[in-house]
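So the structure is just underneath, and the comments pick up after that.
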Amino acid sequence: RGLRVIIDGVFNHSGRDFFAFRDIRANGQSSRYASWYDVTRWDSSLPDGFDYKGWYGIKSLPEFRRDENGLDPAYRRYVFDITRRWMAPEGKVANGVDGWRLDVAFCLPHAFWKEWRRHVKGINPEAYITGEVVEIAPDFLRGDEFDALMNYPFAYAAVEFFADRRN
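The sequence shown runs -12 to 154 under the working numbering.
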């Protein structure tokens, strides 16, 4: 029927019930996933036994650790593996998703997105990648990261013009 499926990739943070974060809560520093998250302090007197960064301070959305070059190597490998799994289940691109909408894409480094795009386009050159970036951001649209951005400036203008009854 010509339908295309684009799924939401959330690679910046997870929920507290995500398997890796649950494992850290259960096993603390000895968890094999301890390096995945931005843990700021290990302290057994804290409710979880540690403190961590939450996306925009929201503790129910623990952030994955990153630096200017990208993500923790083990977590990065996980992201690349799930990308392949969703795009080519059992090695079949025809059975995979056709693209990605990337949640809070502006929170991850450009170096990561450039590498991830090469991975995605290597699986399916026709895959569509759109990033959630809340401002006009041409740096993401040079052909080496995203195909498009969610157009929040237009959405804000449309809401102001059509729905803002006060003004």
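From the three backbone atoms N, C-alpha and C, an ideal C-beta is built for every residue, glycine too.
Beta-carbon proximity list for residue 14, same chain, < 7 Å, skipping 5 on both sides: Walking along the sequence shown from the start, residue 14 turns up at place 27. If we look at residue 14 and ignore the five residues flanking it on each side, it has no Cβ neighbours.
Outcome for residue 24 when other beta-carbon atoms lying within 10 angstroms are tallied against a minimum of 16: By 1-based counting over the sequence shown, the position of residue 24 is 37. By the neighbour-count rule (16 or more Cβ atoms within 10 Å), residue 24 is buried.
Delimiting residues of the alpha helix (DSSP H) encompassing residue 109: The residue labelled residue 109 in the question sits at position 122 within the sequence shown. Here the alpha helix (DSSP H) through residue 109 covers 97 to 110.
Nearest-angstrom Cβ-Cβ length linking residue 27 and residue 38, presumed shorter than 8 Å: Counting from 1 along the sequence shown, the entry for residue 27 is found at position 40. Counting from 1 along the sequence shown, the entry for residue 38 is found at position 51. About 5 Å separates the two Cβ atoms, so the contact holds.
Contact belief for residue 42 with residue 50 at Cβ below 8 Å, rounded distance in angstroms: Mapped onto the sequence shown, residue 42 falls at position 55. Mapped onto the sequence shown, residue 50 falls at position 63. That pair is a contact at about 5 Å.
CB of residue 111 within 8 Å of CB of residue 74, strictly: Residue 111 sits at position 124 when you count from the first residue of the sequence shown. Residue 74 sits at position 87 when you count from the first residue of the sequence shown. Yes.
Top-ranked residue by Cα proximity to residue 71, from 9, 84 and 62: Numbered from its first residue, the sequence shown carries residue 71 at position 84. Among 9, 84 and 62, the Cα nearest to that of residue 71 belongs to 84.
Beta strand (DSSP E) runs wholly inside the region -8 to 65, at least 3 long, in chain order: -7 to -4, 26 to 29, 37 to 39 and 45 to 49
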